[in-house]
Amino acid sequence: MCMRRCLVGLTFCTCYLASYLTNKYVLSVLKFTYPTLFQGWQTLIGGILLHASWKLGWAEINSSSRSDVLTWLPASLLFVGIIYAGSRALSRLAIPVFLTLHNVAEVIICGHQKCFRKEKTSPAKICSALFLLAAAGCLPFNDSQYDPDGYFWAVIHFFCVVLGGKLYPDFVTQGLDVSLSHAHHQGTPLPVKCIFCGPRALSAQPSPCELHGGGWGWIHPGRILETLQSAVDHPLVGHSGAYKILQKSQKPTTLSDIDQQYLNYLFSVVFLALASHPTGDLLSVLDFPFLSFYRFHGSCCASGFLGFFLMFSTVKLKSLMAPGQCAAWIFCAKVITAALSILLFDTILTRGTVGCLLLGGLGEALLVFSEQRGS
674 MCMRRCLVGL TFCTCYLASY LTNKYVLSVL KFTYPTLFQG WQTLIGGILL HASWKLGWAE
734 INSSSRSDVL TWLPASLLFV GIIYAGSRAL SRLAIPVFLT LHNVAEVIIC GHQKCFRKEK
794 TSPAKICSAL FLLAAAGCLP FNDSQYDPDG YFWAVIHFFC VVLGGKLYPD FVTQGLDVSL
854 SHAHHQGTPL PVKCIFCGPR ALSAQPSPCE LHGGGWGWIH PGRILETLQS AVDHPLVGHS
914 GAYKILQKSQ KPTTLSDIDQ QYLNYLFSVV FLALASHPTG DLLSVLDFPF LSFYRFHGSC
974 CASGFLGFFL MFSTVKLKSL MAPGQCAAWI FCAKVITAAL SILLFDTILT RGTVGCLLLG
1034 GLGEALLVFS EQRGS
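If you want it as structure tokens, here you go:
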């Protein structure tokens, strides 16, 4: 099991690194700055691969009612906003800068838990939030490659992530905390969804899902706290960290994680295809100088496949590991990606920029430490 977890973690880091570097190459080196087409292509490939995985029995996509699909449409719209704004920001910002700005979401999470939910927050997590906020706040004033449009789209990307988290929290814990106390006293088994398949009536004792090795069917309330130790966040965009603000649902959903991602892919392909003409991308792409070059075709194909593999490896990573271990692997992937991107792409580093990046790294390291202490 330890070897399997290490293999999954290394696979995730490889997909994370390759996905970011490939996207950055297409966006900044080849300057393919047509986000409706680029992201539309990536989601099309992701949707096709996910559909093929379903047909081959590697993933399970459940039939969803019309009401469930309509309820999820606003989340799919936010998904489009996240990937569109993220693409625009990444085309103008260095990868370490983009990752540092994105970490501000953790500050909002910490602030929400402390101020609104009155949760006990560890000193390490508070220090982490302060370091992340200071790093992101000082970065624009010390970035020698400062691009106002890049920072603008990074803010849009960030707010879409935060808004998505507020409206559509992690489905794994939906409806559980409201009835937990009563059911514990009554001794009534509660339904807990498999992270990927949705509800499965397995047994009264926790047992792994046969397909995915994680998640549970029916479990006695006395074991729920043990189960929640392995509950995972929703990796809506693989590396986006979306849907993490609230852990309590306003309305339970019958859509599994894979169902949600499948709907996101379908909606994104249609929406971005329709938006490509009004935004001018459909006509402007005809003037793209590398349109007939094989390296452009290869990079675009690689970005689509890598995005899908990143999503799938993220799901697998979070199903096998506790949140603290998962956070450590994600942090490791970010550090490797940021370091290699500095060597591979044109990045100008000043003392102030390096200081902000190191402060952000320290903040995220403290966050990982607090996650592991809480696991």
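Residues 674 to 1048, numbered by the working numbering, are exactly what the sequence shown covers, in order. For glycine and all other residues, C-beta sits at the position ideal for the given N, C-alpha and C. The structure presented is a predicted model; accordingly, all values stated were derived computationally and were not measured.
Legend entry - Best match in S992, I1009, L1013 for proximity to M674 [C-alpha to C-alpha]: As a position in the sequence shown, residue 674 is number 1, starting the count at 1. Of the listed residues, the one whose Cα sits closest to M674 is S992.
Legend entry - Straight-line gap, R968 to L772 (C-alpha atoms, nearest Å): Against the sequence shown, residue 968 aligns to sequence position 295. Against the sequence shown, residue 772 aligns to sequence position 99. Their backbone Cα atoms lie some 26 Å apart in a straight line.
Inset, instruction - For the alpha helix (DSSP H) containing D954, list its first residue and its last residue. - result: Sequence index remark: in the sequence shown, residue 954 carries index 281 (1-based). Run containing D954: 954 to 957, per the alpha helix (DSSP H) assignment.
Inset, instruction - Tell me whether M674 sits in a helix, a strand or coil according to DSSP, three-state version. - result: For the purposes of this step, residue 674 is taken as residue 1 along the sequence shown, with counting starting at 1. M674 falls in the coil class under three-state DSSP.
Legend entry - Proximal residues to R677 (C-beta, below 6 Å), its chain only, five neighbours per side dropped: Taking the sequence shown and counting its residues from 1, the one referred to as residue 677 is at position 4. Closer than 6 Å at the Cβ level, and outside the excluded window around R677, lies no residue.
Legend entry - Three-state secondary structure assigned by DSSP to L1030: By one-based count along the sequence shown, residue 1030 stands at place 357. In the structure shown, L1030 sits in a helix (DSSP, three-state: H, G or I).
Legend entry - Beta-carbon gap between I768 and T1010 smaller than 8 Å: Against the sequence shown, residue 768 aligns to sequence position 95. Against the sequence shown, residue 1010 aligns to sequence position 337. Contact: yes.
Inset, instruction - Just list the alpha helix (DSSP H) runs in the region 995 to 1041, keeping only unbroken ones of 4 residues or longer that don't cross its boundaries, in chain order. - result: 996 to 1017
Legend entry - Among Q818, P747, F944, A778, nearest to A802 - alpha-carbon criterion: Locating residue 802 in the sequence shown gives position 129, where the first residue counts as 1. A802 has its Cα closest to that of A778, out of Q818, P747, F944, A778.
Inset, instruction - Check whether the Cβ atoms of S972 and T695 sit closer than 8 Å, and answer yes or no. - result: Stepping through the sequence shown from its first residue, residue 972 is reached at position 299. Stepping through the sequence shown from its first residue, residue 695 is reached at position 22. Contact: yes.
Inset, instruction - Pick out the complete alpha helix (DSSP H) segments inside the region 687 to 758, 4 residues or longer, and give them in chain order. - result: List check, alpha helix (DSSP H) in window: 708 to 728.
Legend entry - DSSP three-state assignment for T684, whether helix, strand or coil: As a first step, residue 684 is located in the sequence shown; it is residue number 11 there, counting from the start. Three-state result, T684: helix.
Inset, instruction - Determine, using beta carbons only, whether A808 and G1033 come nearer to each other than 8 Å. - result: Within the sequence shown, the letter at position 135 stands for residue 808. Within the sequence shown, the letter at position 360 stands for residue 1033. Result yes, Cβ atoms of A808 and G1033 sit closer than 8 Å.
Legend entry - Three-state class that DSSP yields for N776 in the structure shown: For the purposes of this step, residue 776 is taken as the residue at position 103 of the sequence shown. Assignment of N776 by DSSP, reduced to helix, strand and coil, places it in the coil class.
Legend entry - Cβ pair count under 8 Å reaching 3, the region 783 to 799 against the region 1019 to 1033: No contact exists between the region 783 to 799 and the region 1019 to 1033.
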